[in-house]
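Engineer:
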Amino acid sequence: MKRLGTVSHLHGKSCFVVKYDTPDGTPLNRMMNLQVIDKSVRPVGKVVTVFGSEKQPYFLVRIFRELDAAQAKKLVKEKVYVK
Numbered sequence: 065m066k067r068l069g070t071v072s073h074l075h076g077k078s079c080f081v082v083k084y085d086t087p088d089g090t091p092l093n094r095m096m097n098l099q100v101i102d103k104s105v106r107p108v109g110k111v112v113t114v115f116g117s118e119k120q121p122y123f124l125v126r127i128f129r130e131l132d133a134a135q136a137k138k139l140v141k142e143k144v145y146v147k
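According to our numbering, the residues represented by the sequence shown are 65 to 147, in order.
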């Protein structure tokens with residue numbers, strides 16, 4: 065399990081934006097399609113897009129349907145991880 069970053073905000077009803085806060089040299093394109101999990105190791109979504117500058121990238125994560133709107137809102141400002 066590797067930290068992806070902190071959820072910045074929700075983007076519509078089906079996505080959220082994650083600010084990458086642990087640059088370790090891993091190529092960002094290798095993050096695509098990875099499963100995103102929360103601190104309780106529950107799957108919450110999948111990385112679909114990388115955007116922003118190389119020094120401070122962001123990820124767009126598509127939220128899994130199993131997560132309702134209230135659960136998704138609780139993720140804002142929380143750290144998320146990838147498997």
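The beta-carbon is built from N, C-alpha and C at its ideal position, and this holds for glycine as well.
Would you check if the stretch 116-124 and the stretch 134-142 touch, i.e. whether three or more CB-CB distances between them fall below 8 Å?
Structural biologist: Segments in contact, no.
Engineer: Is residue 115 buried or exposed, if buried means 16 or more other CB atoms sit within 10 Å of its CB?
Structural biologist: Exposed is the call here.
Engineer: Would the beta-carbon of residue 81 fall within 9 Å of that of residue 97?
Structural biologist: No, they are not a contact pair.
Engineer: For residue 131, which residues in the same chain have their Cβ closer than 7 Å to its Cβ, ignoring the five residues on either side in sequence?
Structural biologist: 108, listed in sequence order.
Engineer: Measuring alpha carbon to alpha carbon, tell me which of 133, 144, 89 and 147 ends up nearest residue 75.
Structural biologist: Checked all of 133, 144, 89 and 147; the closest Cα to residue 75 is 133.
Engineer: Of the residues 66, 91, 129 and 146, which one's Cα is nearest the Cα of residue 77?
Structural biologist: Measuring from the Cα of residue 77, the nearest candidate turns out to be 129.
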